[in-house]
Amino acid sequence: MPIFRPKHQKLILQCYPPGKGVDKKPNPSELSYLLYYASTRRVKLEKVVTFLDRKTTSDVKHNRAGNLQVTLTIISSLIEECSENLNVFASFVCSILKSVLQSKDLSLCKHAIQTYGVLCSKLDGGLFSGDKEFVDSFGSLSQSLINIGKENLKKQGPNNLEWQMISLMTCRYLSNCLGYNNKFSKKFIEICIPILTDTVHANNKQSNLLAILKSNVNIEDESHHLGRISLTKTNQTNRKVQQDLDNDAVQESNLNEEALRGLKSLFSTSLTSQISEATRAIVKNNYATTIDPVWGCTFLEMCTTWIPVQLRFITLSTVLSSLTSLSNKSTKQSSNYAIQLSYANYCLGLVSSDVNMIGLSISDVIQQILYLQANLLLSQSHYFQEDDVKKLSMIYSNCVCNLSTHIYYFDQVPDSIREILIKIVSVLENSVISGKTDTDGVYRFIITLLEDISIIFDLLKKKPSNISRNHVNLEDWDLSLILLSSEMGLDPNKDQKSLFSYEQVTYIQFKYLLVFEYFLNNELVAKDENMETGAINSIESFNVGGDYLQPDYSNYISDPGNFISHFLSYVDKFFSGNSMVDVNNARILEKLLKDMISILGINFINNFVPFFFYWQLPLNPNLVDENTRVKDTLGYTIIYHCLIKMDEIYELNYVKDTEFFNSLLGDINYRKLNKLWINGLQSEEEDAVLDNHHALGHRDESGTLKFNPTRKNLEDFVIGNAFTLSWINPHRALILDVINDNLPKKANNQNLLSESSDEPSIVEELSYHTSARQNGFGLGLGNANDISSIHSGLLFNQNHNINMKNVFSNGNETSNGSVYTSDRQYNTPRVSDLKDSILMKKKPGVVFNENYNSDTTPGSVLSKQMVTSDIDSILGGLDIDDDPEIIV
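Quick note on the working numbering: the sequence shown kicks off at 1 and runs consecutively.
Below, the structure written as structure tokens:
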């Protein structure tokens, strides 16, 4: 033994009590002095740990367990006292701990894991990023501590629980250091996760996991106060675990609790890469060890609840990313079906659970799931078994439906429905353009997604959300209206065979109509908002914010390219195919259109007017086929329903006594008598009502029953009531063509219209009304206030004493919305009078009211600039002998 020793060696040796006992503790006063000495200068600290490392090697060699216990205590104290200079001696600490582990002594290993925990709590990123030697040494030490449990478990020794506890504690301590080095983190997450998962799986049934999940799902308060309480509780728990380990009091329940704590420490982090790696490792391990999928899904959900609520979406994104990669790599030789099914179940478990995922991009996730489903049905279905395809596709559909109905933000449901409809249309268009896609796959994909939409609306109806949400509106369906067309699956620019068979087209239309009808009655309007049987007491009582019955709601009248017009143009395309339309689909379509009348009221009626005239049977019998008969029957049924509902909803008490309504019934009777009417489209009740009407029909001057009513007949009907005169335009433009940006454009249908109308220059009138509306010049003759002003401002010459009761065929003299009232009558001007006034050819006594202030009436056409050139051309075209008899 040397006589002279350096001071640091003397100080160290003085800390060791004499004797060969195995349970030694350092001398307190000497240890305090040593710590003070080591902390004063970095050079002294380095000398101290270097000597301790050499001494540890010697003590292990000579089996001096008591000295090793003292050394471990000294090392722990040095780490605590000199943590700011840990980079000076961290590698020596790893070397000392590895030397202690070589002893295979349980008591020493228990003390070593405690020292290891202190080391992990003080490490920072500097050592992991700039000291490769330390990273390797620390990794080797951590691996040795984790393997201790495995090695002794195989030996089935007497202290297996204690050895396993050391491994589990190592995983928990190590989680504090995983964020400093990505490569190091990935390696040890893959090592720790199987140990932790197997321990939890051995000690917990699914019911236990569900109980933990339920208790965790609402713990999301991250306030500072609760954070301090949590930290104090954690420290107390750590001390108790170490005491149980030191006292050989470890039980199976202790292992389970430690494994759960280890998992929580892995997931309770703000490091996205760590969360992602841990998620990937869990799913991979569960699949490799054939853990029950249901248990595995609940296990992953439980782990997700430990992630900060704003980062939980990373778990779902990670699983989806892995699943997408597997799907893209799938081939006939290596389908990866089983693992895809496993990952898909994890996605379903996450999106259908009560785990909140704030920050989750709903649209992006739905796009990913729809991509996976499209790839499955369009590509993988060629080499998967049919039952396997159905099973996996159903999981994807359930993911979409559950995700769409778990409300996180106001516009989530409309966003979800739009994503689904966009995917349908994009797949259809790509298939038509390429001409190479599997027809059956595209067909199944469209049907599947339409069913998904139906399920989403059904779930929303059954399980209302506590969070306020926006409802899907009509415009969200605009892009998908192509599914109504009988020409879907055809490229208009190519002469090619249709993508779908007649049966497939019919069934797609059937599903689309059912889904859209369900949307109208359960999503667009609530039950108490549906005006099927209700009525509006007064026009002024409309709720401007959200009543679809309000005239010109959402510009459904003033905008020529509105959704209703667009929808009706595709209804026309429903009849345009070469094959006969399916009567069952036509029956559903008729019910859908009636629902739209009840919900949209005058907004629908105004848009339907040009289609009613266009759908009438042509005068040429050679052009009458089954489709035109169905279209004609549908048109007459809907216009009849429009008139009845308009009378009920707006309480006009006007329609049923008019000549137009009477002639309409006559046209229907004519069709029934001449076998032109399609039976079965209407309900039995409505059929009975139509049969009980005994109308004279519309006859010409010779008394001959006329085949079709004209716009002139509708004009006579419209001008008989202020409400209809304000909101029904008999000359509304017919819109049939749809341009690429999904906005309708006016069709040039001069030759088509000439067959169903006896009026001159219809195309010119359509052009005028379209241009007037686009330039903001108003609708028809304006609103009710405009009409009243015109009538009050036009005074007739005393020579024109005409009894106003005889002007109209209905002889209205009521106050129920008519421009005529019992106490106030106006001498209604003729076209000739108005023409002379506009052309400055005023007759004596015919003047406009100079006191009228159009600014006081919102939306008045009288306040708008008039296009004199257009008015001149119109008035010029009205120079006929019947001018004096035509009423404005």
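Backbone N, C-alpha and C fix where the C-beta goes; we use that ideal spot for every residue, glycine too.
So I191 and I146 are supposed to be a Cβ contact under 8 Å. How far apart are they, rounded? Correct: roughly 6 Å between the Cβ atoms.
What does a CB cutoff of less than 8 Å around S322 pick up in its chain, not counting 5 residues either side in sequence? R280, V283 and Y343
Residue environment, D737, which counts as buried when at least 16 other CB atoms sit within 10 Å: exposed
Does the separation of the CB atoms of C303 and F267 fall below 8 Å? Against a cut-off of 8 Å, the Cβ pair of F267 and C303 comes out as a contact.
Which one of V22, Y33 and K24 has the shortest CA to CA distance from K10? Ranking the options by Cα distance to K10, first place goes to Y33.
Meets three-Cβ-pair contact criterion under 8 Å: the stretch 384 to 396 and the stretch 405 to 413: In short, these stretches do not touch, since the Cβ pair count stays below three.
Cβ-Cβ separation, M357 to F313 (assumed contact under 8 Å), whole Å: 4 Å
Could you round the C-beta distance between I456 and V525 to whole angstroms and report it? I think they count as a contact, below 8 Å. With 8 Å as the limit, I456 and V525 do not qualify as a contact, their Cβ atoms being about 17 Å apart.
Assigned secondary structure, L736 (DSSP; H/G/I helix, E/B strand, else coil): strand
Quick check on Q412: buried or exposed, where buried means 16 or more other Cβ atoms within 10 Å of its Cβ? By the neighbour-count criterion, in which 16 or more other beta carbons inside 10 Å mark a residue as buried, Q412 falls on the buried side.
Between Q550, D458, D478 and F445, which has its C-alpha nearest I508's C-alpha? F445
Rounded to the nearest angstrom, what separates N530 and W295 at their Cα positions? With a pLDDT of only 44 at N530, under the threshold of 50, the placement of this residue in the model should not be trusted; the figure read from the coordinates follows. Computed Cα separation, rounded: 45 Å.
Going by CA-CA distance only, name the one from T56, H62 and S558 that's closest to I75. T56
Nearest-angstrom Cβ-Cβ length linking G149 and W163, presumed shorter than 8 Å: 5 Å
Within the stretch 538 to 622, ranges of the alpha helix (DSSP H) (whole runs, at least 4 residues): 563 to 574, 583 to 600 and 602 to 614
C-beta contact flag for E301 and S353 at 8 Å: yes
What residue range is occupied by the uninterrupted alpha helix (DSSP H) comprising Q368? I362 to L378
Between the CA atoms of V351 and Q504 - distance to the nearest angstrom: Computed Cα separation, rounded: 32 Å.
At least 3 beta-carbon pairs within less than 8 Å: the stretch 638 to 654 vs the stretch 605 to 613: yes
Please determine if the stretch 612 to 632 and the stretch 552 to 566 are in contact, where contact requires at least 3 C-beta pairs separated by less than 8 Å. no
Cα-Cα separation between D364 and S498, rounded to whole angstroms: 32 Å
So, at 6 Å on beta carbons, what are the nonlocal neighbours of P158 in its own chain, with the 5 sequence-adjacent residues on each side left out? none
Classify G179 as helix, strand or coil using the three-state DSSP reduction. helix
Where do the N-terminal and C-terminal ends of the alpha helix (DSSP H) with G19 fall, by residue? Run containing G19: none; DSSP gives neither H nor E here.
In whole angstroms, give me the CA-to-CA distance for L898 and Q206. Lying outside 1 to 888, the shown extent of the chain, residue 898 is not represented and no answer is given.
Is L372 closer than 8 Å to V389 when the C-beta atoms are compared? no
Using only the alpha-carbon positions, how far apart do Y16 and P26 sit? 5 Å
Measuring alpha carbon to alpha carbon, tell me which residue in Q333, K186, L168 and L483 is nearest V200. L168
From E30 to Y37, what does the alpha carbon distance come to, in whole angstroms? 10 Å
Between which two residues does the alpha helix (DSSP H) containing K332 stretch? Per DSSP, K332 belongs to no alpha helix (DSSP H) and is neither H nor E.
Do N181 and T305 have their beta-carbon atoms positioned less than 8 Å apart in this structure? no
Backbone CA spacing between L619 and I467 [nearest angstrom]: 57 Å
Can you give me the Cβ contacts of K7 inside the same chain, cut-off strictly under 7 Å, excluding the 5 residues immediately before and after it? none
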